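So the structure is just underneath, and the comments pick up after that.
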Amino acid sequence: MSIPRLQNPLRQSRLALSICHWALWLACLLGAPGAHAAPFEDTLAQRLQGCTVCHGAQGRATPNGYQPRLAGKPAGYLFHQLLNFREGRRDYGPMTALVDPLSDAYLQDIAGYFSSLDVPYPPPQATTATPATLQRGEQLVRRGDADAATPACQQCHGESMMGIAPSIPGLLGLPRDYLNAQLGAWRSGKRHAQSPDCMAKVARSLSVGDIDALSQWLAAQPVPPGAKPLHEWPAGRKMPVACGGVSVEAAPTGVTR
Ligand code: HEC
Ligand code: HEC
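Here it is as structure tokens:
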């Protein structure tokens, strides 16, 4: 009984502190001078300091596995996520509150800024999964599962699994808990991308065991030094499922929308 009594005030003060952080930051952001009042890079970097309270120094993520890395992710992907929070397709109150008053043009600048940061990735996570689980994870990533109508993740996320700019993020360098949470959120309808939402289809084709296998295997892979998202859709490849956030010009689909 004494544990909850002790924990509650702690939790409350932590919550108050974090609300205080982002409220303070938001005030800073909204009160910031126009984009051209000072050298642009410096001003934007300063205004986005508040984001690093949760997203880690230079947006490289914090070790807790829940607040994602922003640095080096494709700019179109980051922009779409900011829109997703603003427009209710992703469900995390503090993010929505932060981006709600901001214009598309500003969100694009923010996405471009974090995308341009080139900072080291964390080392791979040690796995406790069985060899059979890891094999299943690797199979889904590289070849998919025709019986379950799961396309290979590499078909869209790239052979190197570092993503394809501008709109498809990488799958390496993400912690297991984050991968589990995101795939689970898509599967249960809590996270949405722009329609047609290809990741919702992919995630619904996966069992809970498959999600565990995927996140175990992916999080245990190192990010090769200097690895970056591809900047062009691989020639001759078609997307196996249409994705709303990926333009047909950027990636030819083999399917009608
Ligand atoms: C209070 C902590 C907090 C603050 C401050 C914060 N974020 Fe976040 N952000 C999160 C969390 C937690 C998530 C993941 C939520 C989820 O799983 O849906 C997230 C997700 C994101 C994502 C999606 C990343 C991805 O890979 O899908 C972007 C982009 C983002 N935040 C940008 C920003 C920017 C830009 C700022 C500053 C303007 C900011 N965040 C400030 C906590 C925060
Ligand atoms: C048809 C193309 C396609 C396939 C196949 C695909 N993805 Fe994706 N994936 C996307 C797109 C597009 C996004 C960005 C969605 C958005 O804008 O929110 C994405 C986003 C993600 C994210 C979010 C990353 C982050 O930083 O939050 C994860 C995790 C993910 N995919 C995992 C997978 C896994 C695992 C597989 C294989 C089982 C897979 N994807 C197969 C297109 C695809």
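Position one of the sequence shown corresponds to residue 72 (the working numbering), numbered consecutively onward. Quick reminder that beta carbons are idealized off the backbone N, C-alpha and C, glycines included. Please read these numbers as outputs of a predicted model, since none were measured by experiment.
Through-space distance from residue j to residue i, alpha-carbon basis
i: residue 207; j: residue 114; result: 47 Å
i: residue 122; j: residue 216; result: 38 Å
i: residue 238; j: residue 265; result: 11 Å
i: residue 263; j: residue 151; result: 11 Å
i: residue 286; j: residue 248; result: 8 Å
i: residue 246; j: residue 311; result: 26 Å
i: residue 308; j: residue 230; result: 12 Å
i: residue 281; j: residue 132; result: 25 Å
i: residue 160; j: residue 255; result: 15 Å
i: residue 21; j: residue 163; result: This structure does not reach residue 21, given that the chain is present from 72 up to 328, and the question cannot be answered.
i: residue 203; j: residue 300; result: 29 Å
i: residue 218; j: residue 273; result: 13 Å
i: residue 371; j: residue 223; result: No information on residue 371 is available, as it lies outside the stretch 72 to 328 that the chain covers here.
Cross-strand partners of residue i (DSSP beta bridge)
i: residue 153; result: Bridge partners of residue 153: none, in fact.
i: residue 239; result: 235
Minimum C-alpha distance to residue i - residue among the options
i: residue 187; options: 168, 228, 148, 260; result: 148
i: residue 235; options: 298, 287, 165, 118; result: 298
i: residue 293; options: 308, 219, 191; result: 191
i: residue 314; options: 288, 304, 227; result: 227
i: residue 179; options: 296, 194, 126, 155; result: 155
i: residue 268; options: 289, 304, 317; result: 317
i: residue 304; options: 250, 240, 117; result: 240
i: residue 290; options: 181, 157, 244, 139; result: 244
i: residue 356; options: 288, 220, 185, 258; result: Since the first and last residues shown for the chain are 72 and 328, residue 356 lies out of range.
i: residue 183; options: 296, 143, 125; result: 143
i: residue 129; options: 172, 117, 146, 137; result: 117
i: residue 168; options: 176, 177, 157; result: 157
i: residue 329; options: 284, 153, 275; result: Outside the displayed span of the chain (72 to 328) sits residue 329, for which this structure offers no information.
### Query
Taking the runs of the alpha helix (DSSP H) that are 4 residues or longer, which of them lie wholly in the segment 184-227?
You should have 202-213.
### Query
Residue ranges of each alpha helix (DSSP H) run of no fewer than 4 residues wholly in the segment 244-312, ordered along the chain?
Listed in chain order, they are 247-259, 269-275, 279-290.
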